[in-house]
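Taking it in order: structure first as structure tokens, then the write-up.
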Amino acid sequence: MDLYSDCGVPVRPEVADAHAQTLDSFSRPGTWWRGPERTEIVAESRRARIEAGLQEADGFTDQDPGSIADLPEAVRRVAREAAVSPKDIGRDFYDGAVPEEMSDAEYVEVIGVVARAVDLDVFARGLGLPMAAVAAPKDGEPSRERPENANDDIAFAPMIHNGRRGGETGKAIYGENMMPNIIRATSLVPDECRGVMAIAIAQYVPLEAFLDMSYCNHPSVNRTQMELVAARVSAINECFY
Amino acid sequence: MLLRESGKFHDTPVDMAVLADTARDSGVPDGGALLDFCNALTGTDRAALDAARTALKNRMGPNALFEASVTAANFSMLDRIANSIGIPMEGPFLDGSADFRVSTGINNYLSARNTLSANS
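Residue numbers (the numbering used here), protein chains in the order written: chain C, 14 to 254; chain R, 152 to 271.
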């Protein structure tokens, strides 16, 4: 039985699988944050969205205050802003957190976790479902592996280049493809990058169909209708990209 | 830009101004129901969301409700990553959107600085 088997709306199996893997990833040790910390980053994102009225509390059970993971206040601040008001995040916000209060890679992992959590929560809200439960955090230490060749400095945080300049790490993440900046954005934390790619490809369009305007996931919504939804959501979030 | 290009492919010219003013007719079939759903899904009025969800499902079917929800979710994720990491837009996409970015106010977004300041 998959995550959405009894939700009353036909959910594509690859989306259900990607969402299940995403939920599982939240409770496991990441690259810079432990399982309890990642789980708490998701919880902080959810609390912020519920408080802002952007998400119903259905499905969210807050932890006993005594068992909530200790998380730096700056991480909570970044998680809340990204969850609720991405339009207000610019260079000053990043510089206010990095490197004084967290490293660039720690920041990227927080953003990756929050962005993926909001994805699942917006999806649930769209269908009128409760938020999907995150499993209890797993023990273990983060890998703390920083890719050597993350030196493309066109964004706030460094990214791994496409092609030869990306080295073996780039090839391992991107394959032989030239990836757009949005896919490379979280490559300073390769596991986050892989997680974003997996969910985006399942939900939106396969990479090879990106410029195929005849592509659709279901005949009830053609590519223009998909792009209208995408563009309007991005306008609301004031995302220039 | 993909919105306009896909509209050309499907012979449905898109009024790009609808991105800033959703009261306009986008030119996209069932565009009104899709835009109402987007606005409600990203807003704080639960009753409006329930109504928009029902209207979309009745008009376009349950598969369309799923596709609209999963597309909105996807861009809720990608927008947060793009703005928070500060990535610039690639040149070809930048050139292809120049005409409507001014009229729709897109150039005034805080996140526009990540691209426009690098190109100025």
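Heads up, the beta-carbon is just placed ideally off N, CA and C, and yes, glycines get one too. Being a predicted model, the structure only gives us computed values, none of them experimental.
- Message: Less than 8 Å between C-beta atoms, sequence neighbours within five positions excluded: which residues of the same chain meet that for Leu133(C)?
- Response: So the qualifying residues of the chain are His32, Thr35, Leu36, Met144, Ala145.
- Task: Express the C-alpha separation of Asp75(C) and Ser58(C) in angstroms, rounding to a whole number.
- Result: Those two C-alpha atoms are separated by around 12 Å.
- Validate contact between the segment 96-116 of chain C and the segment 175-183 of chain C using beta carbons, cut 8 Å, 3 pairs: Taking 8 Å as the limit for Cβ pairs, the verdict is that the segment 175-183 of chain C does not touch the segment 96-116 of chain C.
- Query: Among the residues of its own chain, which have a CB less than 7 Å from the CB of Leu192(R), if the five just before and after it don't count?
  - Reply: Within the same chain, Cβ atoms closer than 7 Å to the Cβ of Leu192(R) are found at Leu200, Ala223, the five residues on either side in sequence being excluded.
- Task: Closer than 6 Å by C-beta to Ala215(C): which residues in its own chain qualify, once you throw out the five before and the five after it? Chain order, please.
- Result: Contacts found: Glu27, Val28, Ala31.
- Can you round the beta-carbon distance between Gly48(C) and Lys151(C) to whole angstroms, since I take them to be within the 8 Å contact cut? Contact between Gly48(C) and Lys151(C) holds, with the beta-carbon distance rounding to 4 Å and staying under 8 Å.
- In angstroms, rounded to a whole number, what distance separates the CA positions of Glu50(C) and Glu221(C)? When rounded, the distance between both Cα atoms is 36 Å.
- Beta-carbon proximity check, Met240(R) vs Thr266(R), cutoff 8 Å: Yes, the Cβ-Cβ distance between Met240(R) and Thr266(R) is below 8 Å.
- Item | Beta-bridge pairing of Asp165(C) - partner residues as DSSP gives them | Paired residue(s): Met172(C).
- Query: Looking only at C-alpha atoms, which of Gly21(C), Asp117(C), Glu154(C) sits nearest to Asp166(C)?
  - Reply: Distance check between Asp166(C) and each of Gly21(C), Asp117(C), Glu154(C) places Asp117(C) closest, using alpha-carbon atoms only.
- Check whether Ile238(R) and Asn162(C) have beta carbons under 8 Å apart: No, Cβ-Cβ distance for Ile238(R) and Asn162(C) is not below 8 Å.
- Query: Does the beta carbon of Ile54(C) sit closer than 8 Å to a beta carbon anywhere in chain R?
  - Reply: Put simply, the CB of Ile54(C) is far from chain R, with every gap to its CB atoms at 8 Å or more.
- Neighbouring residues, chain B, relative to Thr44(C) (Cβ below 7 Å): Among the protein chains in the structure shown, which are C and R, there is no chain B.
- Task: Enumerate, from N- to C-terminal direction, the unbroken alpha helix (DSSP H) stretches of 4 or more residues contained entirely within the segment 175-215 of chain R.
- Result: If we require 4 residues or more, the alpha helix (DSSP H) runs fully inside the segment 175-215 of chain R come out as 182-192, 197-211.
- Message: Using a 10 Å radius around the Cβ and a threshold of 16 neighbouring Cβ atoms, would you call Thr237(C) buried or exposed?
- Response: Thr237(C) is buried by the Cβ-count criterion.
- Query: Can you find a CB in chain R that lies within less than 8 Å of the CB of Asn250(C)?
  - Reply: Answer yes: the Cβ-Cβ gap between Asn250(C) and chain R drops below 8 Å somewhere.
- Message: For chain R, check one thing: does any of its Cβ atoms lie closer than 8 Å to the Cβ of Gly139(C)?
- Response: The beta carbon of Gly139(C) falls within 8 Å of a beta carbon belonging to chain R, placing the residue at that interface.
- Compare the Cα-Cα distances from Met211(R) to each of Phe188(R), Asn225(R), Gly194(R), Asp230(R) and report the closest residue. Comparing Cα positions, the closest option is Phe188(R).
- Which two residues bound the contiguous alpha helix (DSSP H) that contains Pro203(C)? For Pro203(C), the uninterrupted alpha helix (DSSP H) run begins and ends at 203-216, by DSSP.
- Query: Once you ignore the five residues that flank Gly182(R) on each side, which residues in its own chain have a CB closer than 8 Å to its CB?
  - Reply: The answer, listed in chain order, is Val169, Asp176.
- Message: Could you compute how far the alpha carbon of Val91(C) sits from the alpha carbon of Asp162(R)?
- Response: Pairing Val91(C) with Asp162(R), the inter-Cα distance amounts to about 43 Å.
- Query: For His161(R), does the three-state DSSP call read helix, strand or coil?
  - Reply: His161(R): coil per DSSP, three-state reduction.
- Message: Any C-beta of chain C within less than 7 Å: which residues of the segment 222-243 of chain R qualify?
- Response: Listed by position, the residues of the segment 222-243 of chain R near chain C (Cβ gap below 7 Å) are Thr222, Ala223, Ala224, Asn225, Phe226, Ser227, Met228, Leu229, Asp230, Arg231, Ile232, Ala233, Asn234, Ser235, Ile236, Gly237, Ile238, Pro239, Met240, Glu241.
- Message: Can you list, in chain order, the residues of its chain with a C-beta nearer than 6 Å to that of Asn258(R)? Leave out the 5 residues immediately preceding and following it.
- Response: Answer for Asn258(R): Arg252, listed in chain order.
- Item | Whole alpha helix (DSSP H) elements within the segment 20-59 of chain C, 4-residue minimum | The qualifying runs are 26-39.
- Do we get a CB-CB distance below 8 Å when we pair Ala92(C) with the residues of chain R? No, because no Cβ of chain R sits closer than 8 Å to the Cβ of Ala92(C).
- Message: Just to make sure I have the definition right: I need the residues of chain R whose C-beta is within less than 9 Å of the C-beta of Asp204(C). Which are they?
- Response: Against chain R, a Cβ distance below 9 Å from Asp204(C) picks out nothing, because the smallest value is about 14 Å.
- Among Ala65(C), Pro23(C), Asp71(C), the one whose alpha carbon lies nearest that of Pro213(R): Its Cα nearest to that of Pro213(R), the residue Pro23(C) stands out among Ala65(C), Pro23(C), Asp71(C).
- Quick one: is Asn209(R) buried, meaning 16 or more other Cβ sit within 10 Å of its Cβ, or exposed? By the neighbour-count criterion, in which 16 or more other beta carbons inside 10 Å mark a residue as buried, Asn209(R) falls on the exposed side.
- Which one or two residues does DSSP pair with Val234(C) in a beta bridge? According to DSSP, which records beta bridges pairwise, Val234(C) is partnered with His231(C).
- Message: Looking only at its chain, what residues have a beta carbon closer than 8 Å to the beta carbon of Ser227(C), apart from the 5 residues adjacent to it on each side?
- Response: Closer than 8 Å at Cβ, skipping near neighbours: Arg236.
- Message: Under 9 Å, CB to CB, which of the residues in the segment 203-215 of chain R have a partner in chain C?
- Response: So the list reads Arg204, Lys208, Met211, Gly212, Pro213, Asn214, Ala215, given in the order they occur along the chain.
- For Thr222(R), which of helix, strand or coil comes out of DSSP? Note: Thr222(R) maps to helix in three-state DSSP.
- Query: Starting from Leu3(C) and walking both ways along the alpha helix (DSSP H), at which residues does that stretch end?
  - Reply: Since the first residue of chain C shown is 14 and the last is 254, residue 3(C) is not available in this structure.
- Backbone CA spacing between Glu189(C) and Gly176(C) [nearest angstrom]: Distance between the alpha carbons of Glu189(C) and Gly176(C) is about 7 Å.
- Message: Closest to Val135(C) by C-alpha separation, out of Gly66(C), Pro160(C), Gly103(C), Tyr187(C), would be which residue?
- Response: Ranking Gly66(C), Pro160(C), Gly103(C), Tyr187(C) by Cα distance to Val135(C) puts Gly66(C) first.
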